[in-house]
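From first to last, the protein sequence lines stand for chains A and B.
Residue numbering for the first sequence is 1 to 118, as defined by our numbering.
Residue numbering for the second sequence is 1001 to 1111, as defined by our numbering.
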Amino acid sequence: GAVVSQHPSRVICKSGTSVKIECRSLDFQATTMFWYRQFPKQSLMLMATSNEGSKATYEQGVEKDKFLINHASLTLSTLTVTSAHPEDSSFYICSAPKPLAGGNNEQFFGPGTRLTVL
Amino acid sequence: QKEVEQNSGPLSVPEGAIASLNCTYSDRVSQSFFWYRQYSGKSPELIMSIYSNGDKEDGRFTAQLNKASQYVSLLIRDSQPSDSATYLCAPLAGGYQKVTFGTGTKLQVIP
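Right, here's the structure in full:
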């Protein structure tokens, strides 16, 4: 079954509004989570690393004041797209590393949130 | 040099054939290697992980890793039309490091 969930799965909003997307690790704790964005027919692009208890780390070119990240607990990270515009319409996906026995871990992705800004 | 290089495809194989997907990476300290499958409009799904040199088999899938050559591959036996998707290779230097993807390889299995 799913190990990482996202909510909502789909959202349509008006230009200028803010949208919050939640990412939850379901049966493990994640001190780190990652947020990606994917435009149609393009690769996944990492936006930022969400860190529990500290500030998020943003990739070059990603506006931290526009894409607010809050790692509220060991199982929840939120991404808020502030003052959304049509060019922010995209598929937003989070991921989290799940620890495995033996010291390795595997990164699992949430099902994604499709944002459409009118 | 890109961090992860894959042939973008599309790679077309007939149903029942073996599909071979290749990936090279530039970061020599990479220790964990993952293959993800992404269907159009969906998020990536983890299908294989491999941590040491050699082969790892799971059902119809076999991952092969050669750290000296910085090369990892995925073989899909008895390919099915449902295997048609984009396959993403993801090497990681450490467990909690970010995953940076290449463009992936689009696989088309022809019935």
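Even for Gly, the Cβ is constructed at its ideal location relative to N, Cα and C.
Exercise. Residues in its own chain within less than 7 Å of residue 1077/B by CB, not counting five upstream and five downstream?
Worked result: 1018, 1060
Problem set entry | Sequence-distant residues of its chain with Cβ nearer than 7 Å to residue 1020/B (five each side left out) | 1073, 1075
For this session: Report buried or exposed for residue 4/A, applying the criterion of at least 16 other Cβ atoms within 10 angstroms of its Cβ.
Result: buried
For this session: Confirm, please, whether the CB-CB distance from residue 1102/B to residue 95/A is below 8 Å.
Result: no
Problem set entry | Local conformation of residue 63/A per DSSP, three classes | coil
Exercise. Residue 1055/B lies in the beta strand (DSSP E); which residues open and close that run?
Worked result: 1054 to 1058
For this session: Please decide whether residue 1051/B counts as near chain A, where near means a Cβ-Cβ distance under 8 Å.
Result: yes
Exercise. For residue 1026/B, which of helix, strand or coil comes out of DSSP?
Worked result: coil
For this session: Taking the CB atoms as reference points, tell me whether residue 67/A and residue 79/A lie closer together than 8 Å.
Result: yes
Exercise. What are the boundary residues of the beta strand (DSSP E) that residue 1050/B is part of?
Worked result: 1045 to 1050
Exercise. Does the distance from the C-beta atom of residue 1065/B to that of residue 1084/B stay below 8 Å?
Worked result: no
For this session: Evaluate residue 53/A with the Cβ neighbour count: other Cβ atoms within 10 Å of its Cβ, from every protein chain shown; 16 or more gives buried, anything less gives exposed.
Result: exposed
Problem set entry | residue 74/A beta carbon less than 8 Å from that of residue 30/A | yes
Exercise. Helix or strand or just coil, what does DSSP make of residue 86/A?
Worked result: helix
Problem set entry | Rounded straight-line distance, which links the Cα of residue 56/A to that of residue 17/A | 22 Å
For this session: Check residue 1084/B in the structure and name its three-state DSSP category.
Result: coil
Exercise. At least one CB of chain A closer than 8 Å to the CB of residue 1081/B: is that the case?
Worked result: no
Exercise. In the structure shown, what three-state DSSP assignment does residue 52/A receive?
Worked result: coil
For this session: Return yes when at least one heavy atom of the ligand ATP lies under 7 Å from the C-beta of residue 93/A, else no.
Result: The ligand ATP is not part of this structure, which contains no ligands at all.
Exercise. To the nearest angstrom, how far is it from the Cα of residue 49/A to the Cα of residue 13/A?
Worked result: 25 Å
Problem set entry | Sequence-distant residues of its chain with Cβ nearer than 6 Å to residue 91/A (five each side left out) | 38, 112, 114
For this session: Find the nearest neighbour of residue 1079/B within the set 1005/B, 1003/B, 1013/B, judged by alpha-carbon distance.
Result: 1013/B
For this session: Tell me where the beta strand (DSSP E) around residue 1014/B begins and ends.
Result: 1011 to 1014
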